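Here is the structure we will look at, set down as structure tokens.
Residue numbers (the numbering used here): 28 to 131.
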């Protein structure tokens, strides 16, 4: 895929960044996913466009300009955290087997 058009779900955005896919966000759950829209736009690897005509126009723009698309891909990859799941599992394992870190 060259890009993804999706709702602003955190799992989908995380997977898209790992693959270097620009995100065109078409919807979000108020409150719960609004921060995801802000994250994507702040890091420059996508935009929020709720209207079908605006989505089609943006997709056409991205696909017709290889430099724009590559820039979006690079920014998506830079925003990705491909080892996050492994690090979380390691941290949980350490807590389980070693206990919490000392306070102080």
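Heads up, the beta-carbon is just placed ideally off N, CA and C, and yes, glycines get one too. Quantities reported herein were computed from a predicted structural model and do not represent experimental measurements.
{"Query": "Segments of 3+ residues assigned as beta strand (DSSP E) that fall wholly inside the segment 34-74", "Result": "50-54"}
{"Query": "Residue 28 - containing alpha helix (DSSP H), residue span", "Result": "First-last for residue 28: undefined, no H or E at that position."}
{"Query": "First through last residue of the alpha helix (DSSP H) which encompasses residue 107", "Result": "From DSSP, residue 107 is part of no alpha helix (DSSP H); its letter is neither H nor E."}
{"Query": "Reference residue 77; option with closest CA among 51, 106, 96", "Result": "51"}
{"Query": "Beta-carbon gap between residue 111 and residue 72 smaller than 8 Å", "Result": "no"}
{"Query": "DSSP state of residue 78 mapped onto helix, strand, coil", "Result": "coil"}
{"Query": "Own chain partners of residue 33 with C-beta closer than 6 Å, once the 5 adjacent residues on each side are dropped", "Result": "39"}
{"Query": "Spatial distance of residue 92 from residue 127 (CA atoms)", "Result": "51 Å"}
{"Query": "N-terminal and C-terminal residue of the alpha helix (DSSP H) that residue 130 is part of", "Result": "From DSSP, residue 130 is part of no alpha helix (DSSP H); its letter is neither H nor E."}
{"Query": "Inter-residue spacing [alpha-carbon to alpha-carbon] between residue 82 and residue 129", "Result": "51 Å"}
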